[in-house]
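Working notes, beginning with the structure itself.
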Amino acid sequence: MLFRRLVVWNSTILVFLTAVFVWYNLTSTQKIVEEEVYNSFYTSMDTGAAELASVFRDARNLTLELCANTSVQRALRQDDAAWQDEEQKIQAARQSSENLTRFFPTFNAEIYGLDAEHQLFGADNIKNISEEWLQAVLHAQGQFVWDYHYTEYGSGVRVSHLIYDEQNWEQPLGIVSVYVNSDYLRYALNSIRLGNNTVVYLLDAKGNLLFPYETGVSIPENVGETVTIAGSASGRSAFVMRRLSVNGFRIVGEARDFDALKEITAQRKTILLLALTALTISVLAALLLTYHISTPILALSNIMKKVGAGDFKVDVPVYKGHDEVAILYSNFKNMLEMRERLTEEVYGAKVREKEAELRTLQAQINPHFLYNTLDSINWMAVKYGADDIEEMVTDLSQMLRYSLNNGVNQLKVSEELTQIRCYLNIQQKRFSNSFSTSYEIDPEVLDYQVIKLLLQPLVENALQHGFDESGQTGKLMLRVKKKENNIEFSVLNNGNKMDLEKVKQALQLPEDAKPTSYGLRNVNDRLVKYYGAESGLQFSIEGDYSCARFTIPAQL
């Protein structure tokens, strides 16, 4: 089940990542290629538009030169007496224009004279003043008029302008027209390449198609200076427009059967092939990796099932390696071993607890008999005047009373200190006052609770190991201080300094080992069990003093 899930998840992720990679790669490639193609369109259109605008600008400048030409002005200004007829006037003006236009082989020029009857006379024909383009020129108020002119000999772009008399600017003498031949237009437009199937159109300022004239041409209305894609019956086309500032004309380039990605079709196939190959290799690698990971995990899962069924003696094999699976095996094996140890420790603790309960019960057997016996000894000591014996019996009786405490494990700090004072009174008589005792007790701690018989083993240890062998008078100090929410108990003596390492080893002996000091071990175990590990015994050397210390929570 795990192996199958891992395979499905890994395969799904790999397929998804591969699809994202292919999509991103193809999309990025498409954008880059389209951008390069579009930039080539823009460059070609800009070059063609600049060349065509330059030609139209030359045609306009030639028109101005003809209007201001002295010979043309003089020929059109002469009255009829100087010429046999109007035709001679035009011939003279035309001769002057030819002297200028021979420097511009691309252009043809025509000059018309205006007579008093509003007739325009040309070199070869007579134009009626009512023709639309003539009216446009007459009403252009000195502006250039651009149009497309058709004749039986050909066609081309025509720019026209009124010829004003330089001696009387309100008097028009005629009209000059300069023609840009359609052959040149065809050459200029055909130089713009937008692909293998390119058509470039010339439109006037109003959007009318001028050249090449074809029926059924459909140019999108929203075509602009960036590429516009439009569909037609013949396929998709890309359109780009450039406007000529000299006359407002526009050129529109059309790339028919447009597909910017034709050139990268092979590259796309290669990318797909590489992606499929990489996907296949990745899936196989994922299968191997999944098998390598899932097999030991499944084996560990079966072992865990046996443990869950109660078989704690199951053998956990050692997994070779340093990866996470090896850590799982190692931790699980350690957990079973720790459980085994804890089970043994808990069992041992239960046994010791039962033994302690038995000893407690035995110690509590008929305590009144002990009290009565001690009381009888006390009265006999009084009777015979043995004051020392009387005091020792009284202290011992009081110690027994607090030790038993009616079977209650806790007592007040003041009661614990009273018991210690009784114990020290007995020891003073035993050791003939070979040591002195001082107390530093915070009064506020006296009513707090503490488990019984914690200080007596520490004091006994200090007397036995500190003063018993020294043969010198020593000092014993008891300190009980309130520190925030805790109470600190300290027993200090200036006798023989304790061996800290030896004491530490005594507290850390295994449960089944025979301790060297029952009292210290018992106190430490009860502190840890009742208050927690942070309340365990601590030993230190403070100057000339050996110190045993423990801290418990302040509880009323």
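Counting in numbering that gives the first Met the number 0, the sequence shown runs from 0 upward without gaps. C-beta: ideal position from N, C-alpha, C; glycine also. Predicted model only: the values in this text are computed from it and were never measured.
Looking only at DSSP bridge pairs, what is residue i linked to?
| i | result |
| --- | --- |
| residue 285 | Its beta-bridge partners do not exist; DSSP assigns none. |
| residue 176 | 109, 159 |
| residue 146 | 157 |
| residue 473 | 434 |
| residue 200 | 251 |
| residue 66 | DSSP lists no partner for residue 66. |
| residue 534 | DSSP lists no partner for residue 534. |
| residue 348 | In DSSP, residue 348 forms no bridge with anything. |
| residue 539 | 546 |
| residue 440 | 479 |
Since residue i and residue j should fall inside the 8 Å C-beta cutoff, what is the C-beta to C-beta distance between them, to a whole number of angstroms?
| i | j | result |
| --- | --- | --- |
| residue 282 | residue 10 | 6 Å |
| residue 532 | residue 485 | About 14 Å; that fails the 8 Å criterion. |
| residue 110 | residue 194 | The pair is not a contact, with the Cβ atoms about 43 Å apart (cut-off 8 Å). |
| residue 251 | residue 202 | 6 Å |
| residue 107 | residue 180 | 7 Å |
| residue 335 | residue 315 | 6 Å |
Is residue i buried or exposed, if buried means 16 or more other CB atoms sit within 10 Å of its CB?
| i | result |
| --- | --- |
| residue 15 | exposed |
| residue 246 | buried |
| residue 291 | exposed |
| residue 542 | exposed |
| residue 280 | exposed |
| residue 492 | buried |
| residue 456 | buried |
| residue 526 | buried |
| residue 204 | exposed |
| residue 237 | buried |
| residue 81 | Per-residue confidence for residue 81 stands at a pLDDT of 44, beneath the threshold of 50, marking its modelled position as unreliable; the derived number appears in the next sentence. Classification of residue 81: exposed, given that the 10 Å Cβ count is below 16. |
| residue 123 | Legend: pLDDT at residue 123 = 49, less than 50; position of this residue unreliable, value from coordinates given subsequently. With fewer than 16 Cβ atoms within 10 Å of its Cβ, residue 123 is classed as exposed. |
| residue 31 | exposed |
| residue 230 | exposed |
| residue 22 | exposed |
| residue 443 | exposed |
| residue 317 | exposed |
| residue 539 | exposed |
| residue 426 | buried |
Could you pull the start and end residues of the beta strand (DSSP E) that residue i belongs to?
| i | result |
| --- | --- |
| residue 254 | 249 to 254 |
| residue 422 | From DSSP, residue 422 is part of no beta strand (DSSP E) but of the alpha helix (DSSP H) over 412 to 429. |
| residue 209 | 208 to 210 |
| residue 235 | 234 to 242 |
| residue 491 | 485 to 492 |
| residue 545 | 544 to 552 |
| residue 449 | 448 to 450 |
Could you please give the first and the last residue of the uninterrupted alpha helix (DSSP H) stretch that includes residue i?
| i | result |
| --- | --- |
| residue 502 | 499 to 506 |
| residue 455 | 454 to 461 |
| residue 135 | 131 to 137 |
| residue 74 | 69 to 76 |
| residue 181 | 181 to 189 |
Indicate, with yes or no, if the ligand ATP has a heavy atom lying under 7 Å from the CB of residue i.
| i | result |
| --- | --- |
| residue 228 | Summarising the ligand content, the structure contains no ligands, and the ligand ATP is consequently not present. |
Exercise for the section: Count the C-beta pairs between the region 145 to 159 and the region 172 to 188 that are closer than 8 Å, then say yes if the count reaches three, no if not. Expected result: yes
Exercise for the section: Spell out a yes or no on whether the region 58 to 72 and the region 162 to 174 are touching, meaning 3 or more CB-CB pairs, one atom from each, closer than 8 Å. Expected result: yes
Handout entry: Any 3 or more C-beta pairs closer than 8 Å across the region 409 to 428 and the region 474 to 488
Key = yes
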